[in-house]
Every structure is written in structure tokens, then in C-alpha cells.
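Report on one structure; see the data block that follows.
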Amino acid sequence: AQRVTQPEKLLSVFKGAPVELKCNYSYSGSPELFWYVQYSRQRLQLLLRHISRESIKGFTADLNKGETSFHLKKPFAQEEDSAMYYCALSGPNTGNQFYFGTGTSLTVIP
Amino acid sequence: EAGVAQSPRYKIIEKRQSVAFWCNPISGHATLYWYQQILGQGPKLLIQFQNNGVVDDSQLPKDRFSAERLKGVDSTLKIQPAKLEDSAVYLCASSFHSSGGALDTQYFGPGTRLTVL
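Protein chains in written order, with this note's numbering: chain A, 2 to 111; chain B, 13 to 129.
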């Protein structure tokens with residue numbers, strides 16, 4: 002069965018410190034993976050998707066099929082990065098339905 | 013462009029009552045999604061429309077939930093009768109492509125927060 006696991010509900014880092022938000026998945030085949038973000042009082046929005054291999058707001062994520070992980074990383078955290086982050090999975094095996102993790106609340110301490 | 017609109021933003025009802033939510037997707041978007049997000053959890057897909065047809069409603073509790081998308085534009089989600097465990101934020105999203113997939117982007121509305129007493 003398809004599943005997305007985000008082991009950390011809460012994560013706090015100091016401004017300027019590196020940050021890594023963990024995401025592990027369960028999927029038979031080649032998944033499509035995404036990170037969504039929700040800033041305070043804003044809508045849930047796409048941050049990045051693995052197929053684009055892009056860097057958005059300094060964040061990157063690498064798909065590791067061996068470890069079935071898609072961790073989100075940023076070398077230097079900023080206060081404006083404080084938000085709720087959701088890892089999501091989709092793909093042909095899910096009928097292109099999205100499965101979201103439970104989310105990680107990131108707080109960047111000034 | 014205008015974003016996905018939802019109403020109402022908040023609703024409080026008693027158990028066994030009925031409630032309806034409305035969603036207006038971004039103009040031209042073929043696919044519309046309804047998600048349920050219970051406190052402390054990620055969004056869970058309830059139903060997905062492609063134009064005015066249902067693509068996936070496997071996780072919709074059909075004994076009490078119903079949804080329609082007339083004319084392939086606006087959509088309504090109804091709960092009748094509501095239970096305490098239906099308390100959640102109901103999110104509507106839309107995307108341009110009809111086939112979904114890795115390059116499609118879902119745009120979310122602000123959500124409707126439902127409290128069932």
C-alpha cells in the first residue's frame with residue numbers, strides 16, 4: 002500500500018543552521034514525490050516536485066529509491082521558512098491520487 | 013489569476029445535522045479535488061472530478077457524504093447526517109491537466125473548518 006511517513010511532527014532550528022525535514026515513502030514502482038508548504042494564515046501550496054529537480058527558496062530534495070526517502074533540505078534556515086511542510090506521493094499505481102504525510106511543523110528560531 | 017474559492021470558511025453544526033460546502037476552482041482547470049484534513053493529519057483525498065465526471069471516490073464515505081460538479085465548474089460537498097468525527101478542514105483544490113501526474117500542480121483553496129458538536 003502507498004504510504005508517506007514524516008517522522009517528526011515538530012522541528013526547531015536556529016536561523017542560519019541547516020535544516021532537514023524527513024520523508025519516507027512506501028510505493029511499488031517509480032513514485033512522483035512532492036513537498037507542499039503552508040505558511041501561517043496562507044493556503045497549502047506546492048514547494049517543489051522531484052521530477053523538476055529544482056531548488057525553490059533554497060530548498061532541495063533528492064529522491065533516494067534505495068532508502069525510499071525524499072528528505073527536504075536547506076543549508077541555511079531563515080525565519081520566513083517557519084511553516085508546516087507536507088510530503089506527498091502520487092503515481093500511476095495510485096491512479097494519480099495524492100497521498101500526504103502527516104506534516105512537520107518547522108520553527109526557525111531567530 | 014483568481015485562486016480557488018471556498019465557502020463558508022467556518023461552520024459549526026450539531027451531530028446529525030446536514031452541511032454543504034461550495035468550491036469554485038480556477039477558471040479553465042479540468043480537475044477538482046476535495047480533501048478532508050483532520051487535526052494533526054495530512055490531507056486525505058475524498059473525491060476527484062475530471063470535468064464533471066468522477067475519477068476517484070474510493071475514500072468518500074458514501075453513506076453520508078456526497079459531491080457533485082455540475083457543468084464541470086463549481087462543486088459542492090455535502091454531509092448528511094454529520095458525525096462528531098467529521099470535524100475537520102475540508103480543502104478544495106484544482107489543477108489544469110485532466111490526466112494529473114508529476115507535472116500537474118494542485119492549487120488549494122483556503123478550506124472550510126467544520127466543527128460538529
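C-beta atoms are modelled at their ideal positions from N, C-alpha and C, and glycine is treated no differently.
*Which of the residues in the segment 48 to 70 of chain B, read from start to end, lie with their CB under 9 Å from any CB of chain A?*
Q49, G52, Q53, G54, P55, K56, L57, Q60, V67, D68, S70
_Is there a Cβ of chain A sitting closer than 9 Å to that of B:L72, yes or no?_
As a first step, residue 72 of chain B is located in the second sequence; it is residue number 60 there, counting from the start. No, no contact with chain A.
*Could you check what DSSP says for B:L129 in three-state terms: helix, strand or coil?*
As a first step, residue 129 of chain B is located in the second sequence; it is residue number 117 there, counting from the start. Correct three-state label for B:L129: coil.
*Exposure of B:I91, with buried meaning 16 or more beta-carbon neighbours within 10 Å*: Within the second sequence, residue 91 of chain B is the residue found at index 79, counting from 1. Buried, since its Cβ has 16 or more Cβ neighbours within 10 Å.
_Within chain B, the residues that A:G30 reaches when beta carbons sit closer than 7 Å_ = Within the first sequence, the letter at position 29 stands for residue 30 of chain A. Result: empty, since nearest Cβ-Cβ is about 13 Å, beyond 7 Å.
_Would you call the segment 30 to 38 of chain A in contact with the segment 84 to 101 of chain A, where contact means no fewer than 3 C-beta pairs closer than 8 Å?_
yes
*What does A:F15 pair with, by DSSP beta-bridge criteria?*
Stepping through the first sequence from its first residue, residue 15 of chain A is reached at position 14. According to DSSP, A:F15 bridges with A:I110.
_Below 8 Å, how does it come out for the segment 92 to 110 of chain A and the segment 28 to 36 of chain B: are there three or more Cβ pairs, yes or no?_
no
_Check whether A:A62 and A:P19 have beta carbons under 9 Å apart_ = Taking the first residue of the first sequence as position 1, residue 62 of chain A is located at position 61. Taking the first residue of the first sequence as position 1, residue 19 of chain A is located at position 18. Their beta carbons are not under 9 Å apart, which means A:A62 does not touch A:P19 by this criterion.
*asked:* Let me check understanding here. Comparing Cα to Cα, which of B:N64, B:D68, B:I38, B:V85 lies closest to B:Y47?
replied: Position 35 of the second sequence, counting from 1, holds the residue named residue 47 of chain B. Taking only the C-alpha atoms, the option nearest B:Y47 is B:D68.
_Selection from A:P93, A:V14, A:C24, A:K16 that minimises the alpha carbon distance to A:T6_ = The residue you call residue 6 of chain A lines up with position 5 of the first sequence. Here the closest residue by C-alpha is A:C24.
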